[in-house]
Amino acid sequence: MKNLFRFLQFVAQFVTLGLALAFVVTLLAPQWVARLRGAYPPPANTGTLIQPTFGPAGTAASAAAQEEESPAPVAARPDESPTITRERARAADTIMASYSRAVQRAAPSVVSITADKVTSEQRYIVPTDPRWLTVFPPRPFGAPVQRAIHSLGSGVIVDSKGYVLTNNHVINGAEQIMAVLSDGRTVSVKLVGSDPETDLAVLKLDTSNLPPLPVSDQVPAVGDVVLAIGSPFGLGNTVTMGIISALGRQVTPTSYEDSIQTDAAINEGNSGGALVNAFGELVGINSRNYSPSEGGGNVGIGFAIPVSTAKRVLEQIINHGHVVRGWMGASYESLPPQHGNTESALPRGVAISALVADGPAARAGLKPGDVLTQFGGEPIVNQFDLYNRESRFAPDSKVEVDALRDGKPIKLDVVLAEKPPPQNAPASGE
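In terms of numbering that gives the first Met the number 0, the sequence shown is residues 0 to 429.
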């Protein structure tokens with residue numbers, strides 16, 4: 000009897016020790032228990048972060064369930080390499096852990112731009128005591144002094160022949176422009192043409208066989224990951240990451256602005272550089288940043304010109320030396336929201352505030368005060384929408400315009416003319 004009692008005591012101690020050991024293992028290394036149960040295999044080193052899928056109870060699903068719910072195959076785009084197609088498929092339901100391949104594709108197509116300008120500054124005699132300014136105001140002294148300005152920016156190679164897109168404000172008024180390629184070579188640059196109204200310029204590098212940056216054929220969306228590549232403060236081949244924060248931003252009074260907003264850092268010297276997506280494809284040309292202070296530091300609000308706008312400007316400048324735009328010869332004012340003619344809360348339509356004498360709109364019979372509601376059969380959102388849409392038509396195009404005059408609908412045909420160049424626009428040409 001005594002021997003049986005000792006045997007049962009030994010079994011109880013062994014079971015207690017085993018339970019204690021199992022508790023410690025479960026607490027310190029739960030993945031070992033999961034592997035012993037066959038819940039999931041150890042993750043492979045795929046270069047991505049695996050997103051767990053969750054069932055109704057909020058628990059991670061098994062590997063078998065994840066395999067059964069694998070994403071649908073991603074169709075290849077025209078002229079797209081198999082590597083990019085495979086990356087799109089892998090990224091369909093995963094978060095990318097590295098964008099190094101996108102940078103490797105895009106960075107060789109981004110150049111640093113230096114523009115040398117000379118400005119004249121007039122010297123003045125100013126009293127040292129501010130109280131004398133009312134009696135002796137500042138007056139010119141001597142001849143104007145010439146001062147050299149060294150402007151920094153970036154550019155994007157968009158053609159193997161050496162065509163480069165950059166911002167107009169980077170090269171405006173420059174007497175000499177140079178470019179530094181990603182491999183360190185410095186080449187001379189020729190100005191082909193510029194478009195101040197979109198702040199874009201086209202340059203031609205004095206070399207060939209250059210790697211053009213592929214252009215995205217997808218419409219960007221808010222939340223897309225983007226990379227800004229350029230030369231901030233002269234630091235070439237600098238990459239910053241962010242997302243698209245908003246689309247269609249109107250930052251300045253320019254009629255043809257339709258900016259992409261991003262929180263990817265865009266600083267001085269980034270202007271004219273590339274904004275690319277996660278696959279290294281061009282989605283915009285970096286333009287400027289917003290800062291509430293005079294110093295202009297980055298606060299996470301930057302803007303880029305959409306690649307769709309940049310492509311139109313590039314083709315027009317290469318073919319014509321300048322941008323050819325359709326024009327109605329009228330100025331507009333957007334209607335307040337409460338005067339919209341649709342169920343939407345947004346304004347729909349614009350009021351004509353002024354007409355150019357003998358311009359296309361005046362010849363068609365439109366008058367100041369007429370409310371334009373549709374252009375070419377499409378509703379008008381606001382004045383900037385109408386400016387952009389009429390500019391995309393070729394001169395001599397006939398466009399149907401719907402309007403309201405004294406509350407009564409009218410319909411007219413307007414034959415567009417070519418928009419005159421802006422006053423004081425810099426002369427340029429290849």
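Quick reminder that beta carbons are idealized off the backbone N, C-alpha and C, glycines included.
Rounded separation between residue i and residue j - CA only
i	j	result
Ser-333	Leu-385	10 Å
Phe-6	Ala-96	57 Å
Pro-378	Pro-213	33 Å
Tyr-162	Ser-330	35 Å
Phe-278	Thr-372	40 Å
Asn-269	Leu-20	60 Å
Leu-202	His-168	13 Å
Thr-206	Gly-320	20 Å
Ala-473	Phe-140	The structure shown does not extend to residue 473, since the chain is modelled only from 0 through 429, so no value can be given for it.
Ser-69	Pro-107	A caution first: Ser-69 carries a pLDDT of 43, below 50, which makes its placement in the model unreliable, though a value can still be read off. Distance between the alpha carbons of Ser-69 and Pro-107: 35 Å.
Leu-48	Asn-276	Its pLDDT being 38, under 50, Leu-48 is placed unreliably by the model, and the measurement read from it follows with that caveat. Rounded to whole angstroms, Leu-48 to Asn-276 spans 19 Å at the Cα level.
Asp-412	Val-186	50 Å
Gln-315	Gln-121	39 Å
Val-323	Pro-137	45 Å
Pro-210	Asp-223	25 Å
Val-218	Leu-403	34 Å
Ala-62	Thr-25	Low confidence applies to Ala-62: its pLDDT is 41, below 50, so where it sits in the model is not reliable, and the reading given next is rough at best. Ala-62 and Thr-25: Cα-Cα distance of roughly 21 Å.
Pro-408	Asp-401	7 Å
Phe-232	Ala-142	33 Å
Gln-175	Lys-116	7 Å
Ala-356	Lys-160	44 Å
Glu-399	Ser-307	25 Å
Ala-350	Ala-245	27 Å
Asp-194	Glu-267	21 Å
Asp-128	Val-134	11 Å
Buried or exposed (CB count within 10 angstroms, at least 16 for buried), residue i
i	result
Gly-46	Confidence in Gly-46 is poor, its pLDDT being 40 and thus under 50, which makes the residue's placement too unreliable to answer from.
Glu-429	Model confidence at Glu-429 stands at a pLDDT of 34, short of 50, so the residue's coordinates are unreliable; what they give is reported in the following sentence. Per the 10 Å Cβ criterion, exposed.
Pro-126	exposed
Leu-132	exposed
Glu-256	buried
Gly-247	exposed
Val-221	exposed
Glu-196	buried
Val-298	exposed
Tyr-123	exposed
Lys-418	buried
Arg-305	The displayed chain sequence assigns Pro, not Arg, to residue 305. Buried.
Leu-16	exposed
Arg-184	exposed
Thr-118	exposed
Leu-180	buried
Asp-198	buried
Gly-172	exposed
Element boundaries [alpha helix (DSSP H), containing residue i]
i	result
Pro-359	359-363
Leu-371	Unbroken run through Leu-371 is the beta strand (DSSP E), 370-374; no alpha helix (DSSP H).
Ile-304	First-last for Ile-304: 301-305, but that is the beta strand (DSSP E), not the alpha helix (DSSP H).
Val-169	167-170
Gln-175	Taken as a continuous stretch (DSSP letters only), Gln-175 belongs to no alpha helix (DSSP H), being part of the beta strand (DSSP E) at 175-179.
Ser-99	99-105
Residue i and residue j closer than 8 Å at C-beta
i	j	result
Leu-204	Val-191	no
Pro-352	Pro-367	Per the sequence presented here, residue 352 reads as Ser, with Pro not at that position. Yes, these two residues count as a Cβ contact at 8 Å.
Ala-273	Gly-301	no
Ala-178	Val-102	no
Gly-328	Ala-416	yes
Ile-228	Thr-165	no
Ser-153	Ala-114	no
Asn-288	Gly-271	no
Gly-241	Val-225	yes
Val-155	Leu-354	no
Gln-249	Phe-374	no
Ala-303	Thr-237	no
Val-414	Asp-395	yes
Val-157	Leu-365	no
Ile-170	Ala-200	yes
Ile-317	Gly-283	no
Where the beta strand (DSSP E) through residue i begins and ends
i	result
Ser-333	329-333
Tyr-289	That residue, Tyr-289, is in no beta strand (DSSP E); it is neither H nor E in DSSP.
Ala-353	349-354
Asp-384	First-last for Asp-384: 382-390, but that is the alpha helix (DSSP H), not the beta strand (DSSP E).
Arg-404	397-404
Gln-260	258-261
Leu-430	For residue 430 there is no data in the structure shown, the boundaries of the chain being 0 and 429.
Asn-276	273-276
CB contact check: residue i to chain B, cutoff 8 Å
i	result
Ala-220	Protein chain content of the structure displayed is limited to a single chain, and chain B is not contained in it.
Heavy atom of the ligand GDP within 7 Å of residue i beta-carbon
i	result
Val-201	The ligand GDP is not part of the structure shown, which contains no ligands of any sort.
In the segment 225-252, which residue ranges form an unbroken beta strand (DSSP E) of at least 3 residues, counting only runs that do not cross its ends? Listed in chain order, they are 237-248.
Going along the chain, which unbroken runs of the beta strand (DSSP E) with 3 or more residues stay wholly within the segment 175-209? Whole beta strand (DSSP E) segments, 3+ residues: 175-179, 185-194, 199-204.
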